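Have a look at the structure below, then the notes.
This is the structure we're talking about:
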């Protein structure tokens, strides 16, 4: 496996996984799209991804992966919790979707070698999604900045919510900055990705994505400070610019951060805390406490839960919560044990971003962009495949052995005489 080149089909599979995790619920689009059609596209993308991954990996060569193993256990827990059909037949459908998602990751693990190959696939695909968002903004600014969402940017061509757009923008900004610091891309190419993504992130007014980007980059660049002069320079300038912005634009930043909300609404995390309190106060049997209610739409009482840990507790119980916590702890522990490198920094950024976003966003217990981000981190932390032993005869300085020829008896006699 050490000498294998990653086929182009693998990039296509990764792109189809991105398409599947875009979801089917969101803002109203310019051209109304039936939710059934969107679900058909996203689910079809997942089936196509699994089929292509199986086609390109017919020998079923996989790599040992603690991350995908934990996801497999989470899948088993989801099936157990969904089997009683408390959440309806939709729970079994979501289990089938999660099974295809995990199965595709197992097939792709063959090419997880600790390189930045999948980072580039990740950036390209989400940048294409943001390009679709920007196109919708240009075509119909009113539909892209609706009053229903308080003037925040949404997807006008494909139904995407402000938190989704903010998440995609923040993730590719962070990864591109790290590639630039590691000299894996040039400044012009990085600017093409970073500048428009920053504009879209600002238009979404998404606090979680912004804080995740800042904190994630701080931890990632901090892991490079001792070994990278570029990281040290960037960190210094970032601190200076942040200080100037905090002093000179404090009122503007505060207004952007509060989004016109009252202090009461802000302190309750836009009403999330009320849903969380009601969820925790709900009486449950022992089985429901351990295994949950089955995979659902990440809501409680008709309102979104917007917290990965409570959503997992609701749907997969305490066992699911422990498995998700193990995912974060294992990936974080492996990252800390790796020597400083660009790949390690990218993994630290992704892990810290997902961990922070899990407090106000759901998605760590089901097929979602967050699980895809963590899969990318797992691919970056995978140890490079050991090079196959080269036979001595293949070495460039090896002297080929000359075969001995049998000398006839008459020739030996002539030589003696």
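Numbering (this note's numbering), first residue to last: 75 to 491.
From the three backbone atoms N, C-alpha and C, an ideal C-beta is built for every residue, glycine too.
From a predicted model like this one, the values you see are computed outputs, not experimental measurements.
Select from the options the residue whose C-alpha is nearest the C-alpha of residue i.
| i | options | result |
| --- | --- | --- |
| residue 133 | 184, 313, 228, 215 | 184 |
| residue 94 | 79, 80, 114 | 114 |
| residue 37 | 155, 158, 201, 128 | For residue 37 there is no data in the structure shown, the boundaries of the chain being 75 and 491. |
| residue 110 | 99, 120, 103, 104 | 99 |
| residue 302 | 288, 255, 283 | 255 |
| residue 105 | 362, 214, 327 | 214 |
| residue 155 | 362, 435, 430, 410 | 362 |
| residue 296 | 268, 420, 267 | 420 |
| residue 89 | 124, 112, 350 | 124 |
| residue 205 | 271, 257, 102 | 271 |
| residue 429 | 225, 406, 248, 178 | 406 |
| residue 135 | 181, 159, 107 | 181 |
| residue 167 | 358, 441, 448, 445 | 441 |
| residue 433 | 120, 282, 448 | 282 |
| residue 346 | 194, 458, 375, 147 | 375 |
| residue 61 | 116, 284, 220 | The structure shown has nothing for residue 61, since the chain only spans 75 to 491. |
Where does the unbroken alpha helix (DSSP H) through residue i begin, and where does it stop?
| i | result |
| --- | --- |
| residue 505 | Absent from the structure is residue 505, since the part of the chain shown begins at 75 and ends at 491. |
| residue 456 | Element bounds for residue 456: n/a, residue is neither H nor E. |
| residue 375 | Run containing residue 375: none; DSSP gives neither H nor E here. |
| residue 433 | Neither: residue 433 is in no alpha helix (DSSP H) and is coded neither H nor E. |
| residue 442 | Looking at the DSSP string, residue 442 is not in any alpha helix (DSSP H), and its letter there is neither H nor E. |
| residue 492 | With the chain covering only 75 through 491, there is no way to say anything about residue 492. |
| residue 83 | 82-94 |
| residue 407 | 382-411 |
| said: Whether or not the stretch 310-322 and the stretch 270-281 are in contact is what I'm after, with contact meaning three or more pairs of Cβ atoms, one per stretch, closer than 8 Å; do they touch? | reply: no
| query | For the stretch 297-367, which segments carrying the alpha helix (DSSP H) assignment without a break, of at least 4 residues, lie completely within its bounds, in sequence order? | reply | 303-322, 324-332, 337-341, 346-355, 360-365
| Ordered list of alpha helix (DSSP H) runs contained in the stretch 158-239, each at least 4 residues | 163-182, 191-213, 215-218
| In the stretch 235-269, which residue ranges form an unbroken alpha helix (DSSP H) of at least 4 residues, counting only runs that do not cross its ends? | 236-255
| field | Touching by the beta-carbon criterion (3+ pairs, under 8 Å), the stretch 442-453 and the stretch 188-196 | value | yes
| Does the pairing of the stretch 388-399 with the stretch 358-366 give three or more beta-carbon distances under 8 Å? | yes
| query | Counting Cβ pairs, one atom from each stretch, are 3 or more of them under 8 Å apart for the stretch 422-432 and the stretch 290-299? | reply | yes
| request: Give a yes or no on contact between the stretch 400-411 and the stretch 134-149, applying the rule of three or more CB pairs nearer than 8 Å. | output: yes
| request: Kindly confirm or deny that the stretch 240-247 and the stretch 199-209 touch, where touching means at least three C-beta pairs closer than 8 Å. | output: yes
| message | Tell me whether the stretch 352-359 and the stretch 320-329 touch, counting them as touching only if at least three CB pairs, one residue from each stretch, are closer than 8 Å. | response | no
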